[in-house]
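Heads up: the protein sequence lines correspond to chains A and B, in order. First residue of the first sequence: 2, per our numbering; consecutive thereafter. First residue of the second sequence: 457, per our numbering; consecutive thereafter. See below for the structure under consideration.
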Amino acid sequence: MQNLSGNGALPSRTFMQRLRRKSVVPFSNKSQAILFILPGLVIYLTFVLLPILGTVRYSLHDWTGFSPPEYIGFDNYRELYRDEDFRKAIGNNFFFVIFYTIIPILLGLFLTSLMSRSKLKGMAIFRTGLFVPQVMSPVVVGIIWRWLFEYRGPINQTLTLIGLSEWIKPWLGDFTYAPYAVGSVGSWVQYGLCMILFLAGIQAINEELYDTAIVFGANPLQQFWYVSLPGLRQQILVAFVLTFISALRVFDLVFVLTRGGGPGKETIVTSILVYQNTFNLNRAGYGAAMAVTLATIIVAISAAVFWLQSRNDDTNAT
Amino acid sequence: MKRLRLLLVLIVILLMTTVGFMQSSAQEEVTLVVWDNFTREAEQAMIEELNARFEEAHPGVTIQREIYETSDLTQLAPRALSEANGPDVIMVNQGYTGMGALVEAGLLLPLNAYADQYGWWDRYAEGLHARNSFSEDGQEFGTGNLYGVSNTAEVVGVYYHKDIFEEVGLSVPATWEEFEAALQTLADAGYTPIVFGSLDGWPAIHTWGAIEHAYSSLNEIDDFIYRREGGTFVTEANITAAEKMREWIEAGYFTPGFEGMDYDNATYGDFINKAGAMWITGSWMTGSIIADLGEDADNVGFFLLPSATGEEVPLTIGGVGLPYAIRATSEHPDLAAEYIDLVTSPDAAALLFEQGYLPAVAPESVEENTLAGDVVAAWNLISSNNKVGHYLDWTAPDIAADIQEMMAGQVSPEEFVNNVEEDYKSSE
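Here you go:
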């Protein structure tokens with residue numbers, strides 16, 4: 002061992018030892034940990050936790066956003082309970098879960114099953130291309146789709162071209178179709194995230210499971226159903242929680258696509274109401290109450306999903 | 457060690473420059489901070505020209521100008537005006553949620569004394585100052601102190617293509633019946649009578665509001681906007697106007713698919729490209745139309761939507777534009793007032809007019825048979841006859857959504873006026 006250190010293969014090891022010895026001396030393990038956590042913690046406290054607490058506090062006040070806040074207890078929440086627009090907005094948020102969560106997960110699974118088991122040339126290009134919507138700015142996405150959905154835009158032009166002119170609709174301005182139009186853009190944005198998560202997850206599945214499945218005569222669909230899908234449980238859960246939160250807090254797409262919830266209030270969502278109340282109607286306290294309610298719903302449902310999952314894992318383990 | 461020394465040197469240099477900078481700005485020079493919404497490229501020269509004149513007349517005064525889109529300006533105003541070094545002069549939005557909230561929070565300076573001193577009361581028709589006035593507690597709109605002075609004006613009327621009118625044998629309609637007949641004539645000739653797009657929401661307020669004003673009296677609208685005793689949206693005129701809107705939609709008088717068309721590109725493009733004969737919108741488009749059509753712009757004219765109740769001068773949506781106001785805690789209120797005097801002066805009006813704006817102070821001479829001339833004449837007619845109406849969303853913030861529902865037939869005209877009334881009552 003001793004002479005090995007001279008040949009340049011292991012100086013890193015002695016370096017690591019020295020480092021370890023040195024750093025252990027002045028601190029106990031615990032204080033060391035705190036030291037490392039501190040910068041992140043300070044940033045988190047200042048920019049996340051304090052504003053959240055501030056929002057909770059303001060939600061108990063009648064506040065224009067610039068006048069001195071006046072404490073009114075739970076009046077904002079009482080009003081919220083009776084607010085039809087708020088109920089409609091929350092309802093729309095849950096409607097968008099279909100498009101933000103369910104469709105992207107199904108689409109992601111489908112694409113993953115196509116891409117993971119067949120060796121296609123130029124796969125990296127396909128994968129990158131399919132992921133592009135996810136990394137684009139939502140405002141850019143909104144502007145592009147607004148143009149596509151234009152009454153005389155590409156979608157309607159294509160419909161005319163292929164002889165389906167009776168299907169032409171003023172998509173984003175139509176009371177029936179606008180929610181679906183906005184939702185479908187959400188699906189287009191979210192499926193990329195699901196796909197990448199699943200592609201990564203599928204690589205962690207033991208190849209031998211597939212080999213065994215093949216030996217037992219499973220076709221690709223059965224391989225996917227009995228091997229891939231169970232192996233992707235964790236990734237599906239993560240995709241569900243992430244996209245579900247996106248669906249409940251969507252703002253930018255609606256703001257750009259239907260100018261904040263039109264036609265009428267067909268596509269209005271909670272974040273838009275928070276924004277309108279806080280900045281346009283000078284009702285920052287009421288807006289804060291909406292934001293707190295929305296955050297509570299998100300936290301409660303996410304927590305429930307994780308709890309169910311962990312319980313499931315426990316029962317599987319025993 | 458070398459790196460550390462370099463870092464130290466850098467820090468010292470940085471400190472020295474910031475201290476030096478702070479010292480130089482501490483000298484007795486006055487900076488007047490002005491926030492406005494003249495964002496278009498072509499407008500910059502106009503404002504800079506005015507600012508240069510002001511700085512020339514006041515040695516030692518520097519104007520620090522910040523430009524914002526109207527919506528940004530409106531949202532930033534309360535917070536900016538609460539700052540000790542916020543804007544001295546700022547354009548504020550009219551109405552309860554704009555100027556009213558700022559007055560209530562004590563952020564704006566009453567301008568009555570300055571108005572007396574500079575003669576602002578005579579700049580434009582007396583009734584128009586009400587739009588920039590609030591009671592001291594910010595609760596009552598259209599009365600009390602003056603908090604702003606405007607330099608632009610707006611009127612919502614009908615732009616039309618003269619050659620299309622000529623082709624189908626039409627002249628500018630003088631009565632409501634003639635206007636409706638013109639719609640049918642144009643439709644029969646295969647033209648879209650009125651280009652329209654309601655995707656953005658607010659254009660619906662203007663288009664339907666124009667019809668609503670044609671049926672209403674100024675008292676009805678004033679009572680509603682200023683929340684006076686008896687002010688209501690449930691009026692015979694409003695129900696009739698909603699029925700008329702539905703009738704026109706069903707008759708195909710508006711652009712097909714208008715629900716899915718936006719204002720800036722689709723609707724404007726349709727009008728410019730003569731996909732339709734008329735466009736009901738505000739005088740603010742004059743500059744763009746002139747710029748985009750060039751010499752052909754004189755082929756476009758502007759007239760007021762006639763009164764549906766037989767009034768000679770029709771009640772018309774319009775008003776004075778975003779007014780200039782002074783921050784209550786400004787250290788240089790006199791200077792700020794002098795600046796406002798300059799940018800709202802007839803001199804400034806002439807510059808504004810050159811940019812295609814409709815100045816609040818009417819230009820003395822305008823060329824007839826030009827688009828700009830038509831617009832100025834229309835404004836002069838309604839402002840001198842006290843026929844200037846209002847934007848309905850000032851008091852009913854959700855009205856665009858309500859109008860969209862009514863246009864799509866989701867609600868009946870009666871339900872529609874009741875919905876707006878509810879919105880009106882709850883946003884009090």
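The beta-carbon is built from N, C-alpha and C at its ideal position, and this holds for glycine as well. Just so it is clear, the structure is predicted and the values come from calculations on it, not from any experiment.
### Query
Which residues in the same chain have their Cβ closer than 7 Å to the Cβ of Gly594 (chain B), if we skip the five residues on either side of it in sequence?
The residues are Gly556, Ala557, Val559, Glu560.
#### Entry: Under 7 Å by beta carbon: chain A residues contacting Gln860 (chain B)
The contact set of Gln860 (chain B) on chain A, defined by CB atoms closer than 7 Å, consists of Gly263, Pro264, Gly265 in chain order.
### Partner residues on chain A for Pro629 (chain B), Cβ-Cβ distance less than 8 Å
What Pro629 (chain B) touches in chain A: nothing, since even the nearest Cβ is about 28 Å away.
### Within 7 Å of chain A by C-beta, residues of the stretch 510-538 of chain B in sequence order
Shown in chain order are the members of the stretch 510-538 of chain B whose Cβ falls below 7 Å from a Cβ of chain A: Gln531, Pro534, Arg535, Ser538.
### Query
Does any C-beta atom of chain B lie closer than 8 Å to the C-beta of Asp253 (chain A)?
Not closer than 8 Å to any Cβ of chain B, the Cβ of Asp253 (chain A) fails to qualify, so no.
#### Entry: Beta carbon of Val275 (chain A) nearer than 8 Å to that of Val255 (chain A)
It is not a contact, given that the beta carbons lie outside the stated cut-off.
### Message
Report the CB separation of Arg147 (chain A) from Gly657 (chain B) in whole angstroms; it is logged as a contact under 8 Å.
### Response
The pair is not a contact, with the Cβ atoms about 14 Å apart (cut-off 8 Å).
### Query
For the stretch 653-672 of chain B, which residues have a beta carbon sitting closer than 9 Å to at least one beta carbon of chain A?
The residues in question are Gly653, Ser654, Leu655, Asp656, Gly657, Trp658.
#### Entry: Residue-chain proximity (Phe750 (chain B), chain A), Cβ-Cβ < 8 Å
Looking at the sequence shown, residue 750 (chain B) is not Phe but Gly. It does not: the Cβ of Gly750 (chain B) has no partner Cβ on chain A nearer than 8 Å.
### Query
Is it the case that the Cβ atoms of Glu167 (chain A) and Gly716 (chain B) are separated by a distance below 8 Å?
Their beta carbons are not under 8 Å apart, which means Glu167 (chain A) does not touch Gly716 (chain B) by this criterion.
### Message
Using a Cβ-Cβ cutoff of less than 8 Å, which residues in the same chain neighbour Phe75 (chain A) once the five nearest sequence positions on both sides are dropped?
### Response
Same-chain partners within the cutoff: Leu61.
### Query
Between Phe635 (chain B) and Thr723 (chain B), is the Cβ-Cβ spacing less than 8 Å?
Against a cut-off of 8 Å, the Cβ pair of Thr723 (chain B) and Phe635 (chain B) comes out as no contact.
### Query
Using a C-beta cutoff of 8 Å, does Pro853 (chain B) count as contacting chain A?
Closer than 8 Å to the CB of Pro853 (chain B) there is at least one CB belonging to chain A.
### Task
Would you mind stating whether Tyr132 (chain A) and Glu267 (chain A) have Cβ atoms separated by less than 8 Å?
The sequence shown places Phe at residue 132 (chain A), rather than the Tyr named in the question. Taking 8 Å as the cut-off, the Cβ atoms of Phe132 (chain A) and Glu267 (chain A) do not count as close.
### Selection from B:Gln640, B:Pro853, B:Glu870 that minimises the alpha carbon distance to Phe280 (chain A)
Looking at the Cα atoms, B:Pro853 is the closest of the given residues.
### Task
Measure from the C-beta of Ser272 (chain A) to each C-beta in chain B and report whether the shortest distance is under 8 Å.
Against chain B, the CB of Ser272 (chain A) has no partner CB under 8 Å away; the residue lies outside that interface.
#### Entry: Supposed close pair Leu81 (chain A), Met291 (chain A) - CB separation, criterion 8 Å
Between Met291 (chain A) and Leu81 (chain A) the Cβ distance is about 6 Å, and since that is below 8 Å, they are a contact.
### Query
With distances taken from CA atoms, which of B:Glu810, B:Pro712, B:Glu751 is nearest Ala501 (chain B)?
It is B:Glu810 whose Cα lies nearest to the Cα of Ala501 (chain B).
### Query
Would Thr785 (chain B) count as contacting chain A if we go by Cβ distances under 8 Å?
So, not an interface residue.
### Query
Around the C-beta of Lys700 (chain B), are 16 or more other C-beta atoms found within 10 angstroms, so that it is buried, or is it exposed?
By the 10 Å Cβ count, Lys700 (chain B) comes out buried.
#### Entry: CB contact check: Met701 (chain B) to chain A, cutoff 8 Å
For Met701 (chain B), the closest Cβ of chain A is not nearer than 8 Å.
### Sub-8 Å separation of Asp84 (chain A) and Ile73 (chain A) beta-carbons
The Cβ atoms of Asp84 (chain A) and Ile73 (chain A) do not sit closer than 8 Å to each other.
### Task
Report yes if the C-beta distance between Pro815 (chain B) and Gly604 (chain B) is below 8 Å; otherwise report no.
Not closer than 8 Å, so no.
### Residues of the stretch 272-305 of chain A with Cβ closer than 7 Å to any Cβ of chain B, in chain order
Flagged, chain order: Phe280, Asn281, Leu282, Asn283.
### Task
From the DSSP output, in three-state form, read off Met734 (chain B) for me.
Met734 (chain B) falls in the strand class under three-state DSSP.
### Query
Can you find at least 3 beta carbon pairs, one from the stretch 104-113 of chain A and one from the stretch 194-203 of chain A, that sit closer than 8 Å?
Yes: at least three Cβ pairs fall under 8 Å.
### Task
Could you tell me whether any Cβ in chain B is nearer than 8 Å to the Cβ of Trp172 (chain A)?
For Trp172 (chain A), at least one C-beta of chain B is nearer than 8 Å to its own C-beta.
### Ala1 (chain A) burial status per 10 Å Cβ neighbour count (16 or more: buried)
Nothing about residue 1 (chain A) can be reported from this structure: the residues present for chain A run from 2 to 319 only.
### Below-8 Å beta-carbon distance, Gln866 (chain B) vs any chain A residue
Yes, Gln866 (chain B) lies at the interface with chain A (some Cβ there is under 8 Å from its Cβ).
#### Entry: Residues bridged to Gly554 (chain B) (per DSSP)
For Gly554 (chain B), DSSP records no beta bridge to any residue.
### Delimiting residues of the alpha helix (DSSP H) encompassing Arg702 (chain B)
Per DSSP, Arg702 (chain B) belongs to the alpha helix (DSSP H) from 692-706.
#### Entry: Gly845 (chain B) classed as buried or exposed, judged by whether at least 16 other C-beta atoms fall within 10 angstroms
Counting Cβ neighbours within 10 Å, Gly845 (chain B) comes out buried, since at least 16 surround it.
### Task
Taking Thr691 (chain B) as the query, report the chain A residues whose CB atoms sit under 8 Å from its CB, ordered along the chain.
Within 8 Å Cβ-Cβ: nothing; Thr691 (chain B) doesn't reach chain A, min ~22 Å.
### Message
Within 10 Å of its beta-carbon, does Asn94 (chain A) have 16 or more other beta-carbons around it, so buried, or fewer, so exposed?
### Response
Burial check for Asn94 (chain A): the Cβ neighbour count within 10 Å reaches 16 or more, so the residue is buried.
### Query
Can a CB atom of chain A be found closer than 8 Å to the CB of Gly716 (chain B)?
Closer than 8 Å: yes.
### Query
Alpha carbon to alpha carbon, how far is Asn874 (chain B) from Thr688 (chain B)?
Between Asn874 (chain B) and Thr688 (chain B), the C-alpha separation is close to 10 Å.
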